[in-house]
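K.L.:
This is the structure I have questions about; it appears just below.
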Amino acid sequence: MHLQGAPFLKAENAGLYEPAGSKSMGIAAERSTRQNQELIAEIPYFQEWRTAANEIKDYSIGNLDKLLVEFEKNITARGATVHWAETAEEANRIVLQIAQEHNVETVVKAKSMVSEEMELNHAFASAGIRALETDLGEYLVQLAGQRPTHIVTPALHLSAEDVGRLFAEKLGEPYTAEHRALTAIARRHLREEFIKADMGMSGCNFGIADTGTFVVVENEGNAGLSTATPPLHVALMGIEKVIPSIHYLPQFLNILARSGTGQKLTTYTHLFHGATPGRELHIVIIDNGRTSVLADPKARMSLFCIRCGACLNACPVYRRVGGWAYGWVYPGPIGSVIVPHMVGLEQAGKLPFASSLCGACNEVCPVKIDIPHQLVHLRHRAVNERSPMNLWTERLLWQAWSWMFRGLRRYKLAMAVVKMGIRIAPFLPWHPDKLGAWTRGRELPEIPPQGSFRRWWRKTGVNLKPAGKNTP
Ligand code: SF4
Numbered sequence: 003m004h005l006q007g008a009p010f011l012k013a014e015n016a017g018l019y020e021p022a023g024s025k026s027m028g029i030a031a032e033r034s035t036r037q038n039q040e041l042i043a044e045i046p047y048f049q050e051w052r053t054a055a056n057e058i059k060d061y062s063i064g065n066l067d068k069l070l071v072e073f074e075k076n077i078t079a080r081g082a083t084v085h086w087a088e089t090a091e092e093a094n095r096i097v098l099q100i101a102q103e104h105n106v107e108t109v110v111k112a113k114s115m116v117s118e119e120m121e122l123n124h125a126f127a128s129a130g131i132r133a134l135e136t137d138l139g140e141y142l143v144q145l146a147g148q149r150p151t152h153i154v155t156p157a158l159h160l161s162a163e164d165v166g167r168l169f170a171e172k173l174g175e176p177y178t179a180e181h182r183a184l185t186a187i188a189r190r191h192l193r194e195e196f197i198k199a200d201m202g203m204s205g206c207n208f209g210i211a212d213t214g215t216f217v218v219v220e221n222e223g224n225a226g227l228s229t230a231t232p233p234l235h236v237a238l239m240g241i242e243k244v245i246p247s248i249h250y251l252p253q254f255l256n257i258l259a260r261s262g263t264g265q266k267l268t269t270y271t272h273l274f275h276g277a278t279p280g281r282e283l284h285i286v287i288i289d290n291g292r293t294s295v296l297a298d299p300k301a302r303m304s305l306f307c308i309r310c311g312a313c314l315n316a317c318p319v320y321r322r323v324g325g326w327a328y329g330w331v332y333p334g335p336i337g338s339v340i341v342p343h344m345v346g347l348e349q350a351g352k353l354p355f356a357s358s359l360c361g362a363c364n365e366v367c368p369v370k371i372d373i374p375h376q377l378v379h380l381r382h383r384a385v386n387e388r389s390p391m392n393l394w395t396e397r398l399l400w401q402a403w404s405w406m407f408r409g410l411r412r413y414k415l416a417m418a419v420v421k422m423g424i425r426i427a428p429f430l431p432w433h434p435d436k437l438g439a440w441t442r443g444r445e446l447p448e449i450p451p452q453g454s455f456r457r458w459w460r461k462t463g464v465n466l467k468p469a470g471k472n473t474p
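In structure tokens, the structure reads:
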């Protein structure tokens, strides 16, 4: 897994941050939020759509057991094969087994966050199978040997000049930074791959229980080509993707495109109802930690996520540090919520603290996930359970703080100690740097000549005694 002890914002992990692209990435994310909001503002009932989507998801997540079985029954009846995987490792095993049974040498993949989550490309590589990403952004980061930086726009950090240099180096193409020319190069190379591939893979945006249909939305046509050209299609679907009825699909299509890419509708919406004659269709339904989210009533709302990416674009922290800093496949506010559930607080206990809790994510989320409260809930767990945040020094500090604020005399005593500490600090043999990152970026406050606020207030002659019961 890419998550290495939740490296968020550690200076020694500077290599995890996007290169010079960070600044332009922040600008692009901000622009995307503005454009999406302008489009949304044209719809007077968008808030009602959000509420409806939230309620449908609430019902779906509360009835996953029935809906998933109904989905399986209906799509199996039309020739598809459904597989169930509890973990990422099990899902990888299933996909590899299908590929090996069909003597697959090359796989074309349309973007699937679940396959990133499973690290499927590594599994393919270790089995000697060539897997090629075909979503343009994913194709670029794969060519560059990088990881996606955003869940919807994975190459947000690369400029046209970067892409031109990449194509020159990896594909032997003449350098250009002209957008149309770059797109044409990618198209030419990818078309050959679609034709040669033995197996196509896709993710799944929605699984529909009552019809046994799954839906893939995209803009580039690569998902259509990946799933229709090779004779074998394997789709990956997280258990939270299921919704009860096809009647609810327009609801989600309306909000997903507007919040994700600022479109009224994505260019392509594929509905797969089963295997087509002469072709095989396999669907791998994956848990990988989602049922543990389901078991936590305060966290289950995070399963409503439709991966539109709007909360990433709106987040001031994400805009500043980019996706790699989070250290895992799901970055941004929603990543800080779901990753700790998937890999545990031991590994990802710092992620919920990677937020200013400004609430921007909550305002833009089309399914109304209350991300700030989800983060606070995880912070609470992180400091109370065994996790990297559970440092005895920090606990001791907060206990002392709590003791100090429980009485006026204690408070006065503590303030006297603090003042003395500030006065003698410059004469100490060790530098405050030794206290860690907190003191490295801050200076000690100066004690004003008039003394404490209380002393100054007393001097002004105002009575500081607590007001009586009847005093307004
Ligand atoms: S949490 Fe909401 S805004 Fe963020 S990706 Fe999921 S659906 Fe989109």
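Residues 3 to 474 in the numbering used here are what the sequence shown lists, from first letter to last. Cβ coordinates follow ideal geometry from the N, Cα and C atoms, glycine included.
How about VAL97 and ALA199: are their beta carbons less than 8 angstroms apart?
P.N.:
In this structure, ALA199 does not lie closer than 8 angstroms to VAL97 by Cβ.
K.L.:
Assuming ALA1 and SER204 form a contact by the criterion Cβ under 8 angstroms, report the distance between their Cβ atoms to the nearest whole angstrom.
P.N.:
Lying before the first or after the last residue shown, residue 1 is absent from the chain, which here runs from 3 to 474.
K.L.:
Let me check understanding here. Comparing Cα to Cα, which of GLY409, THR155, GLU180 lies closest to ARG167?
P.N.:
The residue with the shortest Cα to Cα distance from ARG167 is GLU180.
K.L.:
For GLY209, which residues does DSSP report across the bridge?
P.N.:
Note: GLY209 sits in a beta bridge opposite PHE216, VAL244.
K.L.:
So GLU414 and ILE449 are supposed to be a Cβ contact under 8 angstroms. How far apart are they, rounded?
P.N.:
It should be pointed out that residue 414 corresponds to Lys in this sequence rather than to Glu. The pair is not a contact, with the Cβ atoms about 15 angstroms apart (cut-off 8 angstroms).
K.L.:
Do three or more CB pairs link the segment 181-189 to the segment 262-276 at distances below 8 angstroms?
P.N.:
Verdict: no, contact absent.
K.L.:
In angstroms, rounded to a whole number, what distance separates the CA positions of ALA418 and TRP405?
P.N.:
In a straight line, the C-alpha of ALA418 is about 15 angstroms away from that of TRP405.
K.L.:
Could you pull the start and end residues of the beta strand (DSSP E) that TYR135 belongs to?
P.N.:
Reading the sequence as shown, one finds Glu at residue 135 and not Tyr. Where GLU135 is concerned, the enclosing beta strand (DSSP E) stretches over 132-135.
K.L.:
Here's the rule: buried if 16 or more other CB atoms are within 10 angstroms of the residue's CB, otherwise exposed. What is ALA225?
P.N.:
So ALA225 ends up on the buried side.
K.L.:
Under 8 angstroms between the Cβ atoms of PHE196 and THR229?
P.N.:
Against a cut-off of 8 angstroms, the Cβ pair of THR229 and PHE196 comes out as no contact.
K.L.:
Grouping DSSP H, G and I as helix and E and B as strand, with all else coil, what is ASP88?
P.N.:
Residue identity differs from the one stated: residue 88 is Glu in this sequence, not Asp. GLU88 falls in the coil class under three-state DSSP.
K.L.:
So does GLY311 have its beta carbon nearer than 7 angstroms to some heavy atom of the ligand SF4?
P.N.:
Yes, Cβ of GLY311 sits closer than 7 angstroms to a heavy atom of the ligand SF4.
K.L.:
If I measure Cβ to Cβ from ALA13 and keep anything under 7 angstroms in the same chain, skipping five residues before and after, which residues do I get?
P.N.:
Bear in mind that a pLDDT of 44 at ALA13, under 50, signals an unreliable position, so the number given afterwards is only what the model happens to contain. Result list for ALA13: empty, nothing under 7 angstroms.
K.L.:
Drop a sphere of 10 angstroms on the beta-carbon of ALA162, count the other beta-carbons inside from all chains shown, and report buried for 16 or more, exposed for fewer.
P.N.:
By the neighbour-count rule (16 or more Cβ atoms within 10 Å), ALA162 is not buried but exposed.
K.L.:
Can you pull the DSSP bridge partners for ALA237?
P.N.:
According to DSSP, which records beta bridges pairwise, ALA237 is partnered with SER204, ILE285.
K.L.:
Consult DSSP for LEU430 and reduce its assignment to one of helix, strand or coil.
P.N.:
Three-state DSSP puts LEU430 in coil, outside helix and strand.
K.L.:
Is any heavy atom of the ligand SF4 found at a distance shorter than 7 angstroms from the C-beta of PRO252?
P.N.:
No, the ligand SF4 has no heavy atom inside 7 angstroms of this Cβ.
K.L.:
What I want to know is whether the C-beta of CYS307 ends up closer than 7 angstroms to one or more non-hydrogen atoms of the ligand SF4.
P.N.:
CYS307: yes, Cβ under 7 angstroms from the ligand SF4.
K.L.:
What whole-angstrom Cβ distance do ARG292 and GLU242 have, given they're in contact under 8 angstroms?
P.N.:
Confirmed, Cβ separation roughly 6 angstroms.
K.L.:
Looking at the structure shown, is TYR61 part of a helix, part of a strand, or coil, going by DSSP?
P.N.:
Note: TYR61 maps to helix in three-state DSSP.
K.L.:
Secondary structure at HIS272, three-state DSSP: helix, strand or coil?
P.N.:
If DSSP states are grouped into helix, strand and coil, HIS272 belongs with the strands.
K.L.:
Let's see if you can read the secondary structure: which residues bound the alpha helix (DSSP H) around THR78?
P.N.:
Element bounds for THR78: 66-78.
K.L.:
Does the pairing of the segment 302-314 with the segment 276-288 give three or more beta-carbon distances under 8 angstroms?
P.N.:
Touching, no, given that fewer than three Cβ pairs across the two stretches are closer than 8 angstroms.
K.L.:
Within the same chain, show all residues whose beta-carbon is closer than 7 angstroms to that of LEU70, passing over the 5 residues directly before and after it, in chain order.
P.N.:
For LEU70, where only same-chain residues beyond five positions count, the Cβ hits under 7 angstroms are ILE241, VAL244, ILE287.
K.L.:
Could you compute how far the alpha carbon of ARG408 sits from the alpha carbon of ALA416?
P.N.:
Computed Cα separation, rounded: 11 angstroms.
K.L.:
Tell me whether ILE371, by its Cβ, gets closer than 7 angstroms to a heavy atom of the ligand MN.
P.N.:
For the ligand MN, the structure offers nothing, since it holds only the ligand SF4.
K.L.:
Would you report the Cα separation of LEU158 and CYS363, rounded to the nearest angstrom?
P.N.:
Cα to Cα, LEU158 sits roughly 19 angstroms from CYS363.
K.L.:
By alpha-carbon positions, which one of VAL345, VAL217, ARG302, MET115 ends up nearest to PHE73?
P.N.:
When each option's Cα is compared against that of PHE73, the closest is VAL217.
K.L.:
Count the other C-beta atoms from every protein chain shown that fall within 10 angstroms of the C-beta of PHE429, then say buried if there are 16 or more, exposed otherwise.
P.N.:
By the 10 Å Cβ count, PHE429 comes out exposed.
K.L.:
Specify the secondary structure class of VAL109 as computed by DSSP and reduced to three states.
P.N.:
Of the three classes helix, strand and coil, the one that applies to VAL109 here is strand, per DSSP.
K.L.:
Quick check: SER261 and PRO368, are their CB atoms within less than 8 angstroms of each other?
P.N.:
Yes, the pair counts as a contact, with Cβ atoms nearer than the cut-off.
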